[in-house]
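*Asks:* Okay, here's the structure, questions in a sec.
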Amino acid sequence: QKEVEQNSGPLSVPEGAIASLNCTYSDRGSQSFFWYRQYSGKSPELIMSIYSNGDKEDGRFTAQLNKASQYVSLLIRDSQPSDSATYLCAGASGGSYIPTFGRGTSLIVHP
Amino acid sequence: EAQVTQNPRYLITVTGKKLTVTCSQNMNHEYMSWYRQDPGLGLRQIYYSMNVEVTDKGDVPEGYKVSRKEKRNFPLILESPSPNQTSLYFCASSFTRHGEAKNIQYFGAGTRLSVL
Numbered sequence: 004q005k006e007v008e009q010n011s012g013p014l015s016v017p018e019g020a021i022a023s024l025n026c027t028y029s030d031r032g033s034q035s036f037f038w039y040r041q042y043s044g045k046s047p048e049l050i051m052s053i054y055s056n057g058d059k060e061d062g063r064f065t066a067q068l069n070k071a072s073q074y075v076s077l078l079i080r081d082s083q084p085s086d087s088a089t090y091l092c093a094g095a096s097g098g099s100y101i102p103t104f105g106r107g108t109s110l111i112v113h114p
Numbered sequence: 009e010a011q012v013t014q015n016p017r018y019l020i021t022v023t024g025k026k027l028t029v030t031c032s033q034n035m036n037h038e039y040m041s042w043y044r045q046d047p048g049l050g051l052r053q054i055y056y057s058m059n060v061e062v063t064d065k066g067d068v069p070e071g072y073k074v075s076r077k078e079k080r081n082f083p084l085i086l087e088s089p090s091p092n093q094t095s096l097y098f099c100a101s102s103f104t105r106h107g108e109a110k111n112i113q114y115f116g117a118g119t120r121l122s123v124l
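Residue numbers (my numbering), protein chains in the order written: chain W, 4 to 114; chain H, 9 to 124.
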């Protein structure tokens with residue numbers, strides 16, 4: 004059973020701080036990893052994808068992948084109240100086109 | 009505009025009354041899938057399809073049917089809905105091309121279903 008684990012939170016950070024969201028996965032064959040943001044009652048939207056070990060930066064977001072430790076993280080710099088949402092981590096193996104999703108971490112950015 | 013369209017967005021029905029939730033994508037994606045989302049349980053895959061006439065069960069297929077007669081459409085059928093199928097449903101589609109775009113799920117807006 005392929006599993007992607009996330010702490011459900013909520014993770015509460017003050018406005019302007021760095022929010023750090025973490026995710027572990029069980030399938031060593033996983034090669035593609037994704038972070039989606041989901042506002043309450045809305046559909047998930049892709050924030051970051053990462054395929055290689057190391058860091059990938061896009062604006063205020065940085066995804067980090069460590070395949071040896073089976074660990075993926077998302078850093079949000081200069082957090083804003085509009086970043087308050089649930090963040091879903093997902094992973095997919097090389098032979099699969101349908102990723103496995105974690106249950107999500109709730110992030111609250113307070114002014 | 010590239011999109012995945014689900015209909016209806018909201019649906020209230022009664023136990024046992026057959027219903028269909030439609031899903032259509034205009035991106036020529038081979039892969040399509042259905043998820044349900046429940047509080048505390050995250051996104052769970054119901055069924056997926058790798059191409060026309062090719063479908064397979066996901067993690068929670070009981071009580072659901074799907075069909076893929078055309079590449080763009082992937083309807084979800086509840087033959088005899090029950091209250092435990094009350095949930096938020098999402099359709100998604102994705103590429104099969106190699107490269108970094110592979111596996112990225114494009115989601116529809118969701119269908120909130122209540123079965124009384």
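Built from N, CA and C at the ideal position, the CB exists for glycine as well.
Could you check what DSSP says for H:N92 in three-state terms: helix, strand or coil?
*Replies:* The sequence position of residue 92 of chain H within the second sequence is 84, counting from 1. Note: H:N92 maps to helix in three-state DSSP.
*Asks:* Answer yes or no: does any C-beta atom of chain H fall closer than 8 Å to that of W:R40?
*Replies:* Your numbering for residue 40 of chain W matches position 37 in the first sequence. Chain H, which has no Cβ nearer than 8 Å to the Cβ of W:R40, makes this no.
*Asks:* Can you name the residues that DSSP bridges to H:M40?
*Replies:* Sequence index remark: in the second sequence, residue 40 of chain H carries index 32 (1-based). The partner list for H:M40 (beta bridge, DSSP) reads H:S57, H:S101.
*Asks:* Counting only Cβ pairs nearer than 7 Å, list the residues of chain H close to W:P47.
*Replies:* Taking the first sequence and counting its residues from 1, one reaches residue 47 of chain W at position 44. F115, listed in chain order.
*Asks:* For chain H, find out if any of its Cβ atoms is closer than 8 Å to the Cβ of W:P102; answer yes or no.
*Replies:* Within the first sequence, numbered from 1, the residue matching residue 102 of chain W stands at position 99. Taking Cβ atoms only, chain H reaches closer than 8 Å to W:P102, which makes this a yes.
*Asks:* Under the rule that 16 or more other beta-carbon atoms within 10 Å means buried, what is W:M51, buried or exposed?
*Replies:* As a working mapping, residue 51 of chain W is identified with position 48 in the first sequence. So W:M51 counts as buried.
*Asks:* Which stretch, first to last residue, makes up the beta strand (DSSP E) that contains W:D61?
*Replies:* If you number the first sequence from 1, residue 61 of chain W lands on position 58. Counting along the chain, the beta strand (DSSP E) containing W:D61 begins and ends at 57-61.
*Asks:* For W:S115, which residues from the same chain have a beta carbon less than 6 Å from its beta carbon, with the 5 sequence-adjacent residues on both sides left out?
*Replies:* Within the shown structure, residues of chain W are numbered from 4 to 114, placing residue 115 of chain W beyond reach of any answer.
*Asks:* Closest Cβ-Cβ distance between H:I20 and chain W: below 8 Å?
*Replies:* Taking the second sequence and counting its residues from 1, the one referred to as residue 20 of chain H is at position 12. Not closer than 8 Å to any Cβ of chain W, the Cβ of H:I20 fails to qualify, so no.
*Asks:* Can you name the start and end residues of the beta strand (DSSP E) that W:L49 belongs to?
*Replies:* Locating residue 49 of chain W in the first sequence gives position 46, where the first residue counts as 1. Segment 48-53, the beta strand (DSSP E) holding W:L49.
*Asks:* Would you verify that the beta carbon of W:S35 is, or is not, closer than 8 Å to some beta carbon of chain H?
*Replies:* Residue numbering aside, residue 35 of chain W sits at position 32 when the first sequence is read from its first letter. With 8 Å as the cut-off, W:S35 counts as an interface residue toward chain H.
*Asks:* Any contact of the stretch 81-91 of chain H with the stretch 75-91 of chain W, i.e. 3+ C-beta pairs under 8 Å?
*Replies:* Because the criterion of three Cβ pairs below 8 Å is not met, the stretch 81-91 of chain H and the stretch 75-91 of chain W do not touch.
*Asks:* Do H:S95 and H:M40 have their C-beta atoms closer together than 8 Å?
*Replies:* Your numbering for residue 95 of chain H matches position 87 in the second sequence. Your numbering for residue 40 of chain H matches position 32 in the second sequence. Cβ atoms of H:S95 and H:M40: not closer than 8 Å.
*Asks:* Does H:A10 pass the burial test, meaning 16 or more other C-beta atoms within 10 Å, or should it be called exposed?
*Replies:* Here the question's residue 10 of chain H lines up with position 2 in the second sequence. Label assigned to H:A10: exposed.
*Asks:* Please say whether H:V60 and H:E78 have beta carbons closer to each other than 8 Å?
*Replies:* By 1-based counting over the second sequence, the position of residue 78 of chain H is 70. By 1-based counting over the second sequence, the position of residue 60 of chain H is 52. Contact flag set, yes.
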